[in-house]
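Novice:
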Amino acid sequence: MKKADLQTIFDFVAKYAAERRSTDGNRGHAPLVGYDELRLRLALPEGLPGAPGEEVIRDLIRFAEPGLGAMTGPRFHGWVIGASNPIGVAADWLTSVWGQNAANHLASPAASAAEEASGAALLELLDLPREAAVGFVTGATMANFTALGAARNEVLRRVGWNVETHGLFGAPEVNVVLGAEAHSTVFAALKYLGFGTERVVKVAVDANGAARGEAFTEAVAGISGPTIVILQAGHINSGAFDPFQEIIPAAKAIGAWVHVDGAFGLWARLAPTRAYQAKGLELADSWAVDGHKWLQTPYDCGYAIVRDKDALVRAMQIPASYLPGAGDGVRNPSELTPELSRRARGFATWAILRHLGREGVSRIIERGCTLAALFAQRLVQEPDIEIMNDVNLNQVAVRLGADLTAADADRLTHATIARIQRDGVCFVGGARWKGAAIIRISVSGEGTTESDVEASCEAIVSAWKSVRLAHEAGRTSV
Ligand SMILES: *Cc1c(COP(=O)(O)O)cnc(C)c1O
Numbered sequence: 000m001k002k003a004d005l006q007t008i009f010d011f012v013a014k015y016a017a018e019r020r021s022t023d024g025n026r027g028h029a030p031l032v033g034y035d036e037l038r039l040r041l042a043l044p045e046g047l048p049g050a051p052g053e054e055v056i057r058d059l060i061r062f063a064e065p066g067l068g069a070m071t072g073p074r075f076h077g078w079v080i081g082a083s084n085p086i087g088v089a090a091d092w093l094t095s096v097w098g099q100n101a102a103n104h105l106a107s108p109a110a111s112a113a114e115e116a117s118g119a120a121l122l123e124l125l126d127l128p129r130e131a132a133v134g135f136v137t138g139a140t141m142a143n144f145t146a147l148g149a150a151r152n153e154v155l156r157r158v159g160w161n162v163e164t165h166g167l168f169g170a171p172e173v174n175v176v177l178g179a180e181a182h183s184t185v186f187a188a189l190k191y192l193g194f195g196t197e198r199v200v201k202v203a204v205d206a207n208g209a210a211r212g213e214a215f216t217e218a219v220a221g222i223s224g225p226t227i228v229i230l231q232a233g234h235i236n237s238g239a240f241d242p243f244q245e246i247i248p249a250a251k252a253i254g255a256w257v258h259v260d261g262a263f264g265l266w267a268r269l270a271p272t273r274a275y276q277a278k279g280l281e282l283a284d285s286w287a288v289d290g291h292k293w294l295q296t297p298y299d300c301g302y303a304i305v306r307d308k309d310a311l312v313r314a315m316q317i318p319a320s321y322l323p324g325a326g327d328g329v330r331n332p333s334e335l336t337p338e339l340s341r342r343a344r345g346f347a348t349w350a351i352l353r354h355l356g357r358e359g360v361s362r363i364i365e366r367g368c369t370l371a372a373l374f375a376q377r378l379v380q381e382p383d384i385e386i387m388n389d390v391n392l393n394q395v396a397v398r399l400g401a402d403l404t405a406a407d408a409d410r411l412t413h414a415t416i417a418r419i420q421r422d423g424v425c426f427v428g429g430a431r432w433k434g435a436a437i438i439r440i441s442v443s444g445e446g447t448t449e450s451d452v453e454a455s456c457e458a459i460v461s462a463w464k465s466v467r468l469a470h471e472a473g474r475t476s477v
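Residue numbers (numbering that gives the first Met the number 0): 0 to 477.
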């Protein structure tokens with residue numbers, strides 16, 4: 000492409016981006032156009048004729064924008080979603096402009112070095128063993144899969160079984176022990192790795208969803224042979240932490256590999272008033288944590304952190320005559336993850352860490368927790384609204400209609416969530432927890448302020464009141 004044409008198209012996108020991101024807070028948080036309509040809008044034309052580049056980009060914005068989730072907005076409280084910090088976005092653009100394949104250090108020395116530098120900084124920030132290897136993956140799902148892959152192969156290697164060459168046919172059985180309310184992606188990782196989701200020991204949890212320490216240590220004490228213990232830092236509904244200080248030494252005593260899923264909760268280690276909950280997890284063998292949640296990197300970005308680098312490399316490396324080996328001190332990103340060709344995610348992480356610094360990251364985490372507590376305080380003032388968790392982090396589990404029958408409360412909760420989403424002042428999602436429908440609120444984006452929390456609470460309460468009124472007036476459609 001000629002420079003003038005490049006200038007036109009890139010300038011156009013940059014200008015649009017500045018407009019879009021500077022108005023994140025002013026827009027409604029509901030998609031204006033639904034999925035069915037978007038399928039029609041985005042259907043490619045019959046026969047697939049080509050079109051000029053600028054027109055294509057304008058069309059993409061025109062067609063897609065009304066159907067975007069408001070994930071960069073300050074009142075987006077669904078799931079656990081970061082807000083794509085603009086400096087990270089700019090670094091992510093450069094990543095695409097540079098078009099680097101991050102597979103190995105020869106192909107892209109800069110991509111390898113950026114991952115290495117950012118990985119070291121992450122270990123420093125999270126205060127994890129400095130010798131650990133950090134694989135840059137798409138998110139915590141892949142981080143769980145990657146780390147648990149290394150765990151599986153290593154615990155079997157220790158009893159003389161080589162999974163890399165002999166697979167699982169006839170292999171000794173591996174015990175897997177975890178809290179009953181581990182994240183669904185941990186069960187998915189177990190499914191992908193050939194363990195199955197049911198053939199594992201699920202330990203009972205407390206009222207906040209954390210594994211019970213005593214039950215866990217008892218379960219572990221009765222086990223022998225290759226064992227993987229999976230713990231959680233940050234329960235998806237409650238933000239709860241498993242009692243690491245109690246469980247990890249017991250797991251280590253039987254020679255287990257301990258993995259911690261800390262997709263967002265691991266960041267609590269940077270929040271002065273919350274870090275106590277994440278104490279002791281540094282004694283584990285591997286950790287999964289996301290960049291694109293609390294660290295605010297653009298999608299996608301997660302980190303698979305493994306203390307024993309050799310175990311990770313053995314499990315993940317792809318030997319091929321045309322790929323360079325990794326000498327001492329040389330990083331080949333593809334040896335630490337299940338992927339060969341992939342995006343150079345290290346640049347966005349590097350830029351965010353360099354920009355926010357320890358103070359900046361710490362402030363985002365601490366503020367998210369404070370604002371979550373504010374949500375709880377405000378909502379619990381309503382007589383028929385209950386907070387179901389100890390709000391110890393950034394997640395708030397809200398139960399509506401404490402005085403109604405369970406069936407009515409569930410039905411009205413679903414209706415309220417739909418109404419909140421439709422009104423678009425804020426976005427919240429739902430879940431089922433302890434047998435009940437809940438509204439789940441997460442404060443994960445860096446842009447949320449007290450007044451956003453105030454506006455969101457008003458929207459939630461007002462939606463709830465109108466749903467409830469309609470119910471009491473005997474109407475079922477709301
Ligand atoms: C979000 C989350 C995951 C999955 O992470 P992705 O980035 O969505 O792949 C795993 N565990 C926990 C606790 C999470 O919150």
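Here a beta-carbon is modelled for each residue, glycine too, at the ideal position from N, C-alpha and C.
State the Cα-Cα distance for the pair G224 and Q376, rounded to the nearest angstrom.
Specialist: Answer to the nearest angstrom: the Cα atoms are 48 Å apart.
Novice: Does the beta-carbon of T184, which I'm using as the reference point, lie nearer than 7 Å to any heavy atom of ligand 3?
Specialist: Ligand 3 is not part of the structure shown, which contains ligand 1 as its ligands.
Novice: Just list the residues that DSSP pairs W286 with in beta bridges.
Specialist: V259 and I304
Novice: So what does V200 bridge to, in DSSP terms?
Specialist: V176
Novice: Once you ignore the five residues that flank L282 on each side, which residues in its own chain have a CB closer than 6 Å to its CB?
Specialist: I247
Novice: Using a 10 Å radius around the Cβ and a threshold of 16 neighbouring Cβ atoms, would you call V55 buried or exposed?
Specialist: exposed
Novice: Look up Q420 in the DSSP assignment and say whether it is helix, strand or coil.
Specialist: helix
Novice: Runs of 3 residues minimum, wholly inside the region 209 to 243: which ones carry the beta strand (DSSP E) assignment?
Specialist: 226 to 231
Novice: Using DSSP with H/G/I as helix, E/B as strand and the rest coil, what is E471?
Specialist: helix
Novice: Which value, in whole angstroms, describes the spacing of the CA atoms of A469 and A29?
Specialist: C-alpha of A469 to C-alpha of A29: approximately 23 Å in a straight line.
Novice: Using 7 Å as the cut-off, classify the Cβ of D241 as near or not near the heavy atoms of ligand 1, replying yes or no.
Specialist: no
Novice: Taking 7 Å as the line, does the beta carbon of N480 fall inside it for any heavy atom of ligand 1?
Specialist: Since the first and last residues shown for the chain are 0 and 477, residue 480 lies out of range.
Novice: Thinking C-alpha only, which one of T448, V397, Q276 and D402 is nearest D383?
Specialist: D402
Novice: With a 10 Å radius around its C-beta and 16 neighbouring C-beta atoms as the bar for buried, classify R344 as buried or exposed.
Specialist: Per the 10 Å Cβ criterion, buried.
Novice: Write down the C-beta distance between L122 and V133 rounded to the nearest angstrom, noting that I regard them as a contact closer than 8 Å.
Specialist: The Cβ separation is near 7 Å, so the contact holds.
Novice: Where A24 and T447 are concerned, what is the direct C-alpha to C-alpha distance, given to the nearest angstrom?
Specialist: It should be noted that the sequence gives Gly, not Ala, for residue 24. Distance between the alpha carbons of G24 and T447 is about 9 Å.
Novice: Which class does W160 belong to by DSSP, given the choice of helix, strand or coil?
Specialist: coil
Novice: Could you tell me which whole beta strand (DSSP E) segments of length 3 or greater appear in the region 371 to 402?
Specialist: 384 to 386 and 394 to 399
Novice: Provide the residue(s) that pair with V133 in DSSP beta bridges, ordered along the chain.
Specialist: I304
Novice: Measuring only the C-alpha atoms, how far is R342 from N100?
Specialist: 6 Å
Novice: Residues in the same chain with beta-carbon distance under 6 Å from P128, minus the five sequence neighbours each way, listed in chain order, please.
Specialist: R306
Novice: What residue does the beta strand (DSSP E) around A42 start on, and which one ends it?
Specialist: From DSSP, A42 is part of no beta strand (DSSP E); its letter is neither H nor E.
Novice: Please report the straight-line C-alpha distance between L31 and P65, rounded to a whole angstrom.
Specialist: 5 Å
Novice: Comparing C-alpha positions only, which one of V312, V424 and G261 sits nearest to M70?
Specialist: V424
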